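2 protein chains.
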Amino acid sequence: MNSFKSYLQNNFTFTAEEIKELLICFTLKGYKKKEHFLKAGQYCKNVAFIEKGCFLYYEIIDGEEKVCDFAFENDWITQYNSLLNNVPSTVNIYAIEDSKILVMDLPKLEKLTVSIAKIGILRAKLAEQYFTESTKRASQLANLKAEERYEILLKEKPEALQRIPQYHIASYLGIKPQSLSRIRSKN
Amino acid sequence: MNSFKSYLQNNFTFTAEEIKELLICFTLKGYKKKEHFLKAGQYCKNVAFIEKGCFLYYEIIDGEEKVCDFAFENDWITQYNSLLNNVPSTVNIYAIEDSKILVMDLPKLEKLTVSIAKIGILRAKLAEQYFTESTKRASQLANLKAEERYEILLKEKPEALQRIPQYHIASYLGIKPQSLSRIRSKN
DNA sequence: TTTATTTCTTCACAAATGTGAATGAAAAGG
DNA sequence: CCTTTTCATTCACATTTGTGAAGAAATAAA
């Protein structure tokens, strides 16, 4: 539970009182490698904070797993569209390492948002941040070639290259594993 | 001002009172073709609702205009990241037709958000909607070939193909004008 | 450790997209 | 109306990425 506390203290100015109120809303849950947090077709009912581990987002397109995002320690996992609009998710989320997450359901989140104003700010900031990230990814996919996208990922998220299998990285970059292999062998 | 009123009434359940309070916060402004709403390097201070016309979002990458979004009547224009985090925009936004927009500055928006609770809901919905749109675009760029992306655009936003020059459409699709021409000539 | 399974690499060839140039069509401006 | 500028198309050739197969390397399971 410690990493979550320091996350809250470092990134937002929660008081000890607020943090206490916050913490009791979460449930610590373990996920085995390959266990799903959310499957396509399900309604996403939770948000979770990653204490330890790594989660992958993917869609099935033309029968293939297409990775659209990933998240490590100190990041959140949820599926906004499904959670907030109460529609089935098109996205799957699962652990690719044994992981531990702090889970809270939507009703509790709504209550917290009312009782602690800063939660609203946190939510707005996160939503905006994810939008910005997504925009950046789209821009790279549209305007850079695979090799450049790989170099940027290597530079900006080196841990991803070490913890996520290369065929998933390739998928995230929008190319085939063989192409990523070819790019890597040039250097 | 009529299209904005019906937008508010149709999409959100504002009262006549609220709409009145809302409307006085906006200023109607005309934009000539090619006139910029926001230039890269500037701080975005406004949000605006498009009454009439069409706006294009683009970035300069490798010296070229790369289109990252566009918006028509009944849509909003702003640059979230710059507006909310008070940082210079990397994105340009300009009218590609003579246009009319309703402009409101950030301080007024913040005040309205406090005085009319539904504005907060509208903002959250819009942010989430833009995130979902961006995710969808990224997914298409990563997983579909140019021809499929074009077909989808043609089907989902046919008006774009008619009002936006093809070399801008090509850029939005992440390809060169010649490639779009080649794709189009196949059918 | 041994064996099975998964992941990564390499290769030859195919398909998709980029590039630069040339041409014509369309639109804008005078 | 004519002139200029912008935009769209086509072509031949270059570059990037995909595809399927084969085998090597790494990891997991027994």
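Note that the protein sequences, when read in sequence, are chains H and G. Take 1 as the starting number for the first sequence in my numbering and just add one per residue. Take 1001 as the starting number for the second sequence in my numbering and just add one per residue. Where a beta carbon is used, it is the ideal one built from N, C-alpha and C, also for glycine. Just so it is clear, the structure is predicted and the values come from calculations on it, not from any experiment.
Among the CB atoms of chain H, none fall inside 7 Å of the CB of C1054 (chain G). DSSP, reduced to helix, strand and coil, places F1072 (chain G) outside both helices and strands of the structure shown, so it counts as coil. The straight-line gap separating the alpha-carbon atoms of L102 (chain H) and H36 (chain H) is approximately 15 Å. In the assembly as shown, S82 (chain H) is a buried residue. Its beta-carbon has 16 or more other beta-carbons within 10 Å. In summary, the residues of the segment 65 to 93 of chain H whose CB is separated from some CB of chain G by less than 8 Å are K66, C68, Y80, N81, L84, N85, in the order they occur in the chain.
Under the Cβ distance rule, S1139 (chain G) counts among the residues neighbouring chain H, one pair being separated by less than 7 Å. Under the three-pair Cβ rule at 8 Å, the segment 100 to 118 of chain H does not count as touching the segment 1112 to 1119 of chain G.
Distance from the Cα of W76 (chain H) is smallest, within the candidate group H:I175, H:L180, H:I93, H:I61, for H:I93. Across the segment 143 to 170 of chain H, CB contacts with chain G closer than 9 Å involve N143, L144, in sequence order along the chain.
Cβ proximity to chain G below 7 Å picks out A127 from the segment 96 to 127 of chain H.
Annotated three-state conformation of N1081 (chain G) is helix, per DSSP.
Counting along the chain, N46 (chain H) sits inside the beta strand (DSSP E) bounded by residues 46 to 52. Considering only H:I24, H:I60, H:L8, the residue with the shortest C-alpha distance to K108 (chain H) is H:I24. Within chain H, the residues F131, S134, T135, A138 have their CB atoms less than 7 Å from the CB of S1134 (chain G), given in chain order.
R1182 (chain G) counts as exposed, since fewer than 16 other C-beta atoms from the protein chains shown sit within 10 angstroms of its C-beta.
The alpha helix (DSSP H) runs of length 4 or more contained entirely in the segment 1076 to 1134 of chain G are, from start to end of the chain, 1080 to 1085, 1106 to 1115. Chain G places a beta carbon closer than 7 Å to that of I61 (chain H), counting this residue as a contact.
Excluding five sequence positions before and after G1030 (chain G), the CB atoms of its chain that fall closer than 6 Å to its own CB belong to K1100, given in chain order.
The alpha-carbon of G63 (chain H) is positioned some 27 Å away from that of F131 (chain H). Secondary structure within the segment 132 to 176 of chain H: the alpha helix (DSSP H) runs of 4 or more consecutive residues, fully enclosed, are 146 to 156, 158 to 163, 166 to 173 (chain order).
A direct Cα-Cα distance of roughly 25 Å separates K1145 (chain G) from L154 (chain H).
At the C-beta level, L84 (chain H) and E1128 (chain G) come within 7 Å of one another. Shown here, K1005 (chain G) sits in a helix according to DSSP, grouped into three states. Neighbours of G1174 (chain G) in chain H, taken as residues at a C-beta separation under 8 Å, are given in chain order as L141, A142, N143.
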